[in-house]
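Report on one structure; see the data block that follows.
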Amino acid sequence: DAAGGDLHVVYSYEVTWKLSDVEWPDRWDIYMMETPDNDVHYFAIVNSLMIGFLLCGTVAIIMIRALRKDITKYNEFDIEDYNTPVEESGWKLIHADVFRPPKKGRTLLSVAVGTGLQIGTSVFFTLVFAVLRLLNPMKKGQLLSYVIILYVFSGSVAGYASAKLFKFFTGRAWKRTTFLTAAAFPAVVLSIFITLNLGLYISMGKVSTSVSFSTVLIAFLLWVCVSTPLVFVGSYFGYKQDKIEVPTKTNQIARFIPESRSWFVQFPQCALLAGVLPFGSVVIELSFIMGALWLHQIYYIMGFIMVVCGILTISCSTVSMVFCYIQLCNENHKWWWRSFYNCASIGFFLFVYSMWYLVTKLEIVGIWPFMVYSVYMGIISFACALYCGGVGVVSSFWFVRKIYAAVKVD
21 DAAGGDLHVV
31 YSYEVTWKLS
41 DVEWPDRWDI
51 YMMETPDNDV
61 HYFAIVNSLM
71 IGFLLCGTVA
81 IIMIRALRKD
91 ITKYNEFDIE
101 DYNTPVEESG
111 WKLIHADVFR
121 PPKKGRTLLS
131 VAVGTGLQIG
141 TSVFFTLVFA
151 VLRLLNPMKK
161 GQLLSYVIIL
171 YVFSGSVAGY
181 ASAKLFKFFT
191 GRAWKRTTFL
201 TAAAFPAVVL
211 SIFITLNLGL
221 YISMGKVSTS
231 VSFSTVLIAF
241 LLWVCVSTPL
251 VFVGSYFGYK
261 QDKIEVPTKT
271 NQIARFIPES
281 RSWFVQFPQC
291 ALLAGVLPFG
301 SVVIELSFIM
311 GALWLHQIYY
321 IMGFIMVVCG
331 ILTISCSTVS
341 MVFCYIQLCN
351 ENHKWWWRSF
361 YNCASIGFFL
371 FVYSMWYLVT
381 KLEIVGIWPF
391 MVYSVYMGII
401 SFACALYCGG
411 VGVVSSFWFV
421 RKIYAAVKVD
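Residue numbering for the sequence shown follows our numbering, starting at 21 and increasing by one per position.
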């Protein structure tokens, strides 16, 4: 006031409570559902659908036109004239080698496919629970907890898938394969996580963002006491079932693979090219997910991300089949690891995108915040690579069985 003393101002407010028909879980919808970003979400969905339809149309053309033409030519020749010599070329020529198990890495491939399908199962059911409003999008830690818990309880999926594939490879070290299926991915993630947390605690003390020891211990106990037994149960049922039947027999001596002049068939060009389209189908929606992870934004529309993940799965499947067909037409029967790499390259693109996001969107200062971001995004990219690679192997295997079952082989 004029005398130089303190002036006390009394504020008052009035609240009027009105009865609303909106349910308590839906109270945030008015702020979240009708946002200016919805148009971008819709554009992302349309973009993903267009790329998915493009890939599915490409596979349909290959299946209906190219394959039907090849199969008709092969079968008509087998019926009409057995004495006339013919120069076979293309994918039918390698019918005696196409189902030959890989020379190296049978255990590793089986473990990777099983682990990838386990990751996909846990993420799928987490999104289902989120769409059904069983998860609160305001609590981001709850979403991560559901992913971890469902991953633990999906151990039987990994054990069953790895056992079926390893049995088809006529592998003998089934105990080692089952143990690695149960231990490899969790051990790698936990080791990196514990090392990072120790570094944060030593350098920054209790004020750091390190996770408490009890949380790490609970995760370890869930892995050892729940996930590992379920993997062995799934593996038991996988080995008990009959071996997967294939339409052709495999020769004892592997056929020589001619050198291809097509640059897009060679590795790593084929893997990088195959990962572009599936990654492009989700890159727009990925920016919103990254904002929710690192910029304290809220990702509320879980139905969008579920549709996008479905399109990503379909894109991986179709891309894997297309590149597998191109490889078989070049008379290269070593498609097992190629089908995995072709789709697993999406994880590489995801990590590169995360580094671009770090440089352009985030303002991280210091080595340890950079390490936290890089390690977390590295784990997410690795998990994405395993899932997409597993989808690629399963899809290519189904595709190869279908096309060789349609031709008559002497």
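The beta carbon of each residue, even a glycine, is placed where N, CA and C say it ideally should be.
Check: V133 and L185 closer than 8 Å at C-beta; Outcome: yes
Check: Spatially closest choice to L164 from A183, K187, I139, by CA coordinates; Outcome: I139
Check: CB of V172 within 8 Å of CB of S223, strictly; Outcome: no
Check: Cβ shell of G191 (< 6 Å), same chain only, five flanking positions each side left out; Outcome: R126
Check: Same chain only: Cβ atoms within 8 Å of S401, ignoring 5 sequence neighbours per side; Outcome: G367, F368, L370, F371, S374
Check: Inter-residue spacing [alpha-carbon to alpha-carbon] between I318 and I423; Outcome: 46 Å
Check: Backbone CA spacing between L250 and G258 [nearest angstrom]; Outcome: 12 Å
Check: Per-residue DSSP class, three states only, for V177; Outcome: helix
Check: Assigned exposure category for G77 - 16 Cβ within 10 Å defines buried; Outcome: exposed
Check: Per-residue DSSP class, three states only, for L164; Outcome: helix
Check: Buried or exposed by the 16-neighbour rule on C-beta atoms within 10 Å, applied to G412; Outcome: buried
Check: Spatially closest choice to L113 from N352, V285, L147, A80, by CA coordinates; Outcome: N352
Check: Exposed unless 16 or more other CB atoms sit within 10 angstroms - verdict on G323; Outcome: exposed
Check: Euclidean distance between Cα positions of V131 and F284; Outcome: 28 Å
Check: Per-residue burial, S32 [other beta carbons within 10 Å of its own, 16 or more giving buried]; Outcome: exposed
Check: Coarse secondary structure for R281, derived from DSSP in three states; Outcome: coil
Check: Three-state secondary structure assigned by DSSP to F73; Outcome: helix
Check: Distance, S394 Cα to T235 Cα; Outcome: 21 Å
Check: 8 Å Cβ cutoff, G254 in contact with chain C; Outcome: No chain C appears in this structure, which consists of one protein chain only.
Check: Of the residues W194, W314, F343, the one placed nearest S359, counting alpha carbons only; Outcome: F343
Check: Simplified DSSP assignment, three categories, for E265; Outcome: coil
Check: Same chain, Cβ closer than 6 Å to S255, neighbours up to 5 away in sequence not counted; Outcome: G179, A183, T198
Check: As assigned by DSSP and simplified to three states, the class of V35; Outcome: coil
Check: Per-residue burial, V177 [other beta carbons within 10 Å of its own, 16 or more giving buried]; Outcome: buried
Check: Beta carbon of A294 nearer than 8 Å to that of S365; Outcome: yes
Check: Which of helix, strand or coil DSSP assigns to L138; Outcome: Strictly speaking, residue 138 in this sequence is Gln, with Leu absent from that position. Three-state result, Q138: helix.
Check: Proximity of G409 and G136 at Cβ, strictly below 8 Å; Outcome: yes
Check: Under 8 Å between C-beta atoms of L75 and C329; Outcome: no
Check: Integer Cβ distance of P122 from K354, believed to fall under 8 Å; Outcome: 7 Å
Check: L250 in three-state terms, based on DSSP; Outcome: helix
Check: Host alpha helix (DSSP H) of I84 (start-end); Outcome: Neither: I84 is in no alpha helix (DSSP H) and is coded neither H nor E.
Check: Per-residue DSSP class, three states only, for P288; Outcome: coil
Check: C-beta atoms of V79 and T333 nearer than 8 Å; Outcome: no
Check: Close-in-space but distant-in-sequence residues of the same chain around A425 (CB under 6 Å, 5 per side omitted); Outcome: P267
Check: Alpha-carbon to alpha-carbon, Y166 and A150; Outcome: 10 Å
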